[in-house]
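K.L.:
Below is the structure I would like to discuss, written out as structure tokens.
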Amino acid sequence: MKRVESLDYLRGIMAVSVMLYHYFSWSFGTLGSETLLGKLGIYAVSIFYILSGLSLAIVYDKRINNVSDVGTFFIKRLFRIFPLFWLVVTASIVLKYLSSQVGNSEFDVTVYTVFLNYSLLFGFFEPTAYLSTGAWSIGNEMVFYLILPFVFFLNNKNKLILPFVILCSFAIGLFFSFELLDPEKPLTEQWSIYINPFNQIFLFMAGVAIGKWGNRISNISDSLAWSLIGLTLLLFVFWPAQGDKIQIITGIERWLYSFLSVLLVLIVYVLNPKLSSWRHKVFSFLGQGCYSIYLIHPIVSMPIVYVFSIIGLGNLPAYTLSFILTLVFSWFSFKYIESPMMKYGKKLIEEKRRKKVSLETRERAT
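Note that the numbering used here gives residue 1140 to position 241 of the sequence shown, counting from 1, and the numbers run on in steps of one.
Here it is in structure tokens:
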């Protein structure tokens, strides 16, 4: 199995970008599409999808050959996603209740919404029913996780299946960006359309394509690779955009920024740059904690901002402390929640395999 540490670096950068986007927008108001953070507020999540598809393709391509392999895939994904997500959902419900008690908002959490969140089924049935900021993307991931193993399974039987699914995902993405989403209406009015998993799946499948065929691009020189990375970043930052973020998720702009996101991931994957010792430690730490950074930063900031507002301190110290504590909690989460649960999932899989081998051995003996 190929390990690409630079993908961890990229995950960490994107997680921090989303956190900064939220903290700045909550402090200073909506960040438009002309700002770098405004663009990253959209496309950092897109890059997460690409990285997710890429990572899963590296691990599971040609390894899903039967129902047992599909089950193994789901067990690993569930033990990776569910434990922390359950904690975040619980914390979100508690904070929403406390907020309603002090008169800041209405407690409108229904039993159905709670069920959809704890089961992580909202991405399938009601994508807007997520309870924590940013959690909609995790609901989308669950939809992708359901589709991918069966695509790999069928692709092992017929090599045209994967290319066909990838092309279909891009066709669906085109339909969303040119037909379903209206560039004349703000994103807030079309949020339910934008976060539909089928509007995002082409990014995930682009990552799968990179994982499947990207390593064939092996003769590219380092200087050319770095030049492409630099050009990609320059275009992403300086390509003219203005106004509501709907402008960068519809029409040609949707595909320009998506192409730049895919190209960035592809070149980083092929180049796989190595950082110096301390930089490696910093970005590896952020990469390991990217899931918890992404999920818990809104939870961390809510009580801190509330307390700081009461004692007369502004948003800057509140969100600075929130930033630091999010990194601390993400380390704690990865070390004491996520890693142990992933190990437990692997243990269950190994026990399942040993029982299968033992059963097959006894059957042969008889």
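Each residue gets a CB set at the ideal place from its N, CA and C atoms; glycine is no exception.
(1) Which of the three DSSP states, helix, strand or coil, is assigned to Trp1138?
(2) Can you give the Cα-Cα distance for Val1169 and Ser905, rounded to whole angstroms?
(3) Have a look at Thr1131 and Gly952 and give me their C-alpha separation to the nearest angstrom.
(4) Report buried or exposed for Arg910, applying the criterion of at least 16 other Cβ atoms within 10 angstroms of its Cβ.
(5) Please report the Cβ distance between Gly931 and Gly1142, rounded to the nearest whole angstrom; I am assuming they are in contact, meaning their Cβ atoms lie under 8 Å.
(6) Where are the beta strand (DSSP E) runs, 3 residues long or more, that stay fully inside the region 1066-1108, in chain order?
(7) Within the same chain, show all residues whose beta-carbon is closer than 7 Å to that of Val1136, passing over the 5 residues directly before and after it, in chain order.
(8) Applying the 10 Å Cβ sphere with the 16-neighbour rule, what's the burial state of Ile1166?
(9) To the nearest angstrom, how far is the alpha carbon of Phe947 from that of Lys1255?
(10) Put Val993 into one of helix, strand or coil per three-state DSSP.
(11) Considering only the beta carbon of each residue, do Glu1250 and Pro982 sit closer than 8 Å?
(12) Following the continuous alpha helix (DSSP H) through Ile1046, name the residue where it begins and the one where it ends.
P.N.:
According to the data block:
(1) Residue mapping note: residue 1138 aligns to position 239 of the sequence shown, counting from 1. Of the three classes helix, strand and coil, the one that applies to Trp1138 here is coil, per DSSP.
(2) Locating residue 1169 in the sequence shown gives position 270, where the first residue counts as 1. Locating residue 905 in the sequence shown gives position 6, where the first residue counts as 1. Roughly 10 Å between the two C-alpha positions.
(3) Taking the first residue of the sequence shown as 1, we reach residue 1131 at position 232. Taking the first residue of the sequence shown as 1, we reach residue 952 at position 53. In a straight line, the C-alpha of Thr1131 is about 20 Å away from that of Gly952.
(4) Looking up residue 910 in the sequence shown gives position 11. By the 10 Å Cβ count, Arg910 comes out buried.
(5) Your numbering for residue 931 matches position 32 in the sequence shown. Your numbering for residue 1142 matches position 243 in the sequence shown. Confirmed, Cβ separation roughly 6 Å.
(6) none
(7) By 1-based counting over the sequence shown, the position of residue 1136 is 237. If we look at Val1136 and ignore the five residues flanking it on each side, its Cβ neighbours are Leu935.
(8) The residue given as residue 1166 occupies position 267 in the sequence shown. Classification for Ile1166: buried.
(9) Counted from its first residue, the sequence shown places residue 947 at position 48. Counted from its first residue, the sequence shown places residue 1255 at position 356. Looking at the two C-alpha atoms, the distance is approximately 35 Å.
(10) Here residue 993 is taken as the residue at index 94 of the sequence shown, counted from 1. Three-state DSSP puts Val993 in a helix.
(11) Counting from one through the sequence shown, the residue named residue 1250 turns up at place 351. Counting from one through the sequence shown, the residue named residue 982 turns up at place 83. Not closer than 8 Å, so no.
(12) Locating residue 1046 in the sequence shown gives position 147, counting from the first residue. Here the alpha helix (DSSP H) through Ile1046 covers 1035-1056.
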